[in-house]
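>
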Amino acid sequence: MKRFFKKYLFASLLIFSLLFFTVAAEAQCSICTKTASQMGEKPARGLNMGILYLALSPFAIVGFIGYRWWKKNK
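Residues 14 to 87 in my numbering are what the sequence shown spells out, letter by letter.
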């Protein structure tokens, strides 16, 4: 039971730290930055979040598949 508790305590602390202690990420190339600067502050922030969302999706899918593969072969 102690091992189970430690495992989930570590996982929950990791998730908590990732959710609440994030650094603002800028994911715009030079062309996107120029376009965003012409649109204004709020649309530029939306464009940046869209770029981050599109970049995160493939990593999440590959990570999930890799995790399932690792658990199955373990």
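We treat Cβ as the ideally placed atom computed from N, Cα and C, and that holds for glycine.
Could you give the first and the last residue of the continuous alpha helix (DSSP H) run that contains K47?
Taking the first residue of the sequence shown as 1, we reach residue 47 at position 34. K47 -> alpha helix (DSSP H) spans 43-52.
> Work out the CA separation of Y21 and L27 for me, nearest whole Å.
Position 14 of the sequence shown holds residue 27. Position 8 of the sequence shown holds residue 21. Going by the C-alpha atoms only, they are around 10 Å apart.
> Once the 5 residues before and after S50 are set aside, which same chain residues still bring their CB inside 8 Å of it?
One-based indexing of the sequence shown puts residue 50 at position 37. A57.
> Beta carbon of L60, beta carbon of C42: below 9 Å?
Taking the first residue of the sequence shown as position 1, residue 60 is located at position 47. Taking the first residue of the sequence shown as position 1, residue 42 is located at position 29. No, they are not a contact pair.
> Cα separation between W82 and E54?
Sequence index remark: in the sequence shown, residue 82 carries index 69 (1-based). Sequence index remark: in the sequence shown, residue 54 carries index 41 (1-based). Between W82 and E54, the C-alpha separation is close to 42 Å.
> Measure the C-alpha to C-alpha separation of A64 and L32 and round it to an integer number of angstroms.
Translated into the one-based positions of the sequence shown, residue 64 becomes position 51. Translated into the one-based positions of the sequence shown, residue 32 becomes position 19. The identity of residue 64 in the sequence shown is Ile, whereas the question assumes Ala. Each residue's Cα considered, the two are about 19 Å apart.
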